[in-house]
Amino acid sequence: MGSSLSSCSSRMREFLSYVGVLAHNVKHPTSVVVGGIEYSVKQLLGEGGSAYVYRGWDVHSGNAVALKRFTLTDHKYQTQCMEEAAVHRSLCPHPSIVNFYDFGIVERLGCPLPELWIVMECVEAPSLANYINMRMALNQPFTVNEVYEICHTIVGVIAHLHSQSPPVSHWDLKAENFLFERSQNMKLCDFGSASRLYYEPKNALQVSIAETELGERMTLLYRPPESLDLWSRRRVDTKADIWSLGVLMYLLVFFEMPFEGNVLEVMDGTPRRFCEGKCEAIPERFEPFIELLVTRLLVKDPSVRADIFEVSERLSALSYMPPFPRPNRDFQSPQKPRFE
Numbered sequence: 109m110g111s112s113l114s115s116c117s118s119r120m121r122e123f124l125s126y127v128g129v130l131a132h133n134v135k136h137p138t139s140v141v142v143g144g145i146e147y148s149v150k151q152l153l154g155e156g157g158s159a160y161v162y163r164g165w166d167v168h169s170g171n172a173v174a175l176k177r178f179t180l181t182d183h184k185y186q187t188q189c190m191e192e193a194a195v196h197r198s199l200c201p202h203p204s205i206v207n208f209y210d211f212g213i214v215e216r217l218g219c220p221l222p223e224l225w226i227v228m229e230c231v232e233a234p235s236l237a238n239y240i241n242m243r244m245a246l247n248q249p250f251t252v253n254e255v256y257e258i259c260h261t262i263v264g265v266i267a268h269l270h271s272q273s274p275p276v277s278h279w280d281l282k283a284e285n286f287l288f289e290r291s292q293n294m295k296l297c298d299f300g301s302a303s304r305l306y307y308e309p310k311n312a313l314q315v316s317i318a319e320t321e322l323g324e325r326m327t328l329l330y331r332p333p334e335s336l337d338l339w340s341r342r343r344v345d346t347k348a349d350i351w352s353l354g355v356l357m358y359l360l361v362f363f364e365m366p367f368e369g370n371v372l373e374v375m376d377g378t379p380r381r382f383c384e385g386k387c388e389a390i391p392e393r394f395e396p397f398i399e400l401l402v403t404r405l406l407v408k409d410p411s412v413r414a415d416i417f418e419v420s421e422r423l424s425a426l427s428y429m430p431p432f433p434r435p436n437r438d439f440q441s442p443q444k445p446r447f448e
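Count along the sequence shown starting at 1, add 108, and that's the number in this note's numbering.
In structure tokens:
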């Protein structure tokens, strides 16, 4: 049996192009109607898997929007996309989250599969990753106050997610997913990995499923040890976001990743700069910040790792930033298990 695309029929090639397997042949739409409103589709901003993000405009009002298009290849993927839309919508409005406007399932003429479109705020300024790279290129380290201000925004949005009932885990917190507005306010985007469930697999089948699903949801450079060693029986939940926050904080100070995607290093839990025989001097002004980072965030055991509200309180004690309030547990339902 052959597997070469050259042997595919023209219809098969059309289908593969449509769902993104032959990405260079993808034909992007020029307009779409969602919720009775027509949007013009002007520019591809990004893509991943079978999803595309465009810059567009509301044809009636002329307002700029971002449009995210999913090709619904099967029922499971449709459920996943609907979950992303529902979670994103439930978290808005918030000053540090990209605004959610609308969503809908669309069947466009000539398209073999239905699509789900999300209409959201268009934040056109660079990402935090772009900003970090620029500062690195200019050899301009962040000041202590700059780091505290950036972290305060990130901690605030995580606190908002973890205050929901049940709490929402983002599970893909990274510099690329924080976007700057022209006002310099920073906003979190992309809720495709967010979940109200926790993972605690108890047998080989559950471990296999969890490995696949968490691998799809999380970015390796920001993944916590418990998500890589599922046989450890450590729960994967909101504490995974705390680890990712620790990676971001480390990046802001040192302009490098603590583990560089090495799975064994992550599972060991010790950042490169603090490994035996490799410890480098820490700028004096950052010593309390790094102590917090290493002793409460980049902690291998999630049951010992701080929650976001402790992080907020400790950062507040180090800076002039006010802490974010802890939710009343009596009015907050817990996350449910992925596996019953």
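Yeah, the Cβ is synthetic: ideal placement off N, Cα and C, and Gly gets one too.
Predicted model, so just to flag it, every value in this text is computed and none were measured.
_CA nearest to the CA of N238, picked from E254, V206, F288_ = Along the sequence shown, read from residue 1 onward, the residue named residue 238 stands at position 130. Looking at the Cα atoms, F288 is the closest of the given residues.
*Tell me the DSSP bridge mates of T179?*
In the sequence shown, the residue the question calls residue 179 occupies position 71. BP columns for T179 point to E223.
*To the nearest angstrom, report how far apart E418 and V263 are at their CA atoms.*
Counting from one through the sequence shown, the residue named residue 418 turns up at place 310. Counting from one through the sequence shown, the residue named residue 263 turns up at place 155. Distance between the alpha carbons of E418 and V263 is about 10 Å.
*asked:* I want to know whether the region 303-315 touches the region 423-440 - three or more CB-CB distances under 8 Å.
replied: no
*Specify the secondary structure class of G212 as computed by DSSP and reduced to three states.*
On the sequence shown, position 104 is the one that residue 212 refers to. Note: G212 maps to strand in three-state DSSP.
*Kindly indicate which residue of R163, F211, K184 has the alpha-carbon position closest to the one of V141.*
For the purposes of this step, residue 141 is identified with residue 33 of the sequence shown, where counting begins at 1. It is F211 whose Cα lies nearest to the Cα of V141.
*asked:* Within a Cβ cutoff of 8 Å, which residues of the same chain sit near F439, ignoring the five residues on either side of it in sequence?
replied: In the sequence shown, residue 439 corresponds to position 331, counting from 1. Excluding residues within five positions, the ones whose Cβ falls inside 8 Å are S273.
*Going by CA-CA distance only, name the one from A193, G156, Q188, G218 that's closest to K135.*
Looking up residue 135 in the sequence shown gives position 27. Cα-wise, what sits closest to K135 is G218.
*Where does R243 fall in DSSP's three states?*
As a working note, residue 243 is residue 135 in the sequence shown. It is helical.
*Are the beta-carbon atoms of P431 and S424 separated by less than 8 Å?*
Along the sequence shown, read from residue 1 onward, the residue named residue 431 stands at position 323. Along the sequence shown, read from residue 1 onward, the residue named residue 424 stands at position 316. Against a cut-off of 8 Å, the Cβ pair of S424 and P431 comes out as a contact.
*For K347, which three-state DSSP category applies?*
One-based indexing of the sequence shown puts residue 347 at position 239. Looking at K347 - three-state DSSP - the assignment turns out to be helix.
*Roughly how many angstroms separate the alpha carbons of E319 and L313, rounded to a whole number?*
Along the sequence shown, read from residue 1 onward, the residue named residue 319 stands at position 211. Along the sequence shown, read from residue 1 onward, the residue named residue 313 stands at position 205. Cα to Cα, the separation comes out at about 10 Å.
*asked:* If you follow the beta strand (DSSP E) that E418 is in, where does it begin and where does it stop?
replied: Working through the sequence shown from its first residue, we reach residue 418 at position 310. Segment 416-426 is the alpha helix (DSSP H) holding E418; no beta strand (DSSP E) there.
*Alpha-carbon spacing of R331 relative to A348, whole angstroms*: The residue you call residue 331 lines up with position 223 of the sequence shown. The residue you call residue 348 lines up with position 240 of the sequence shown. Cα-Cα distance, rounded: 7 Å.
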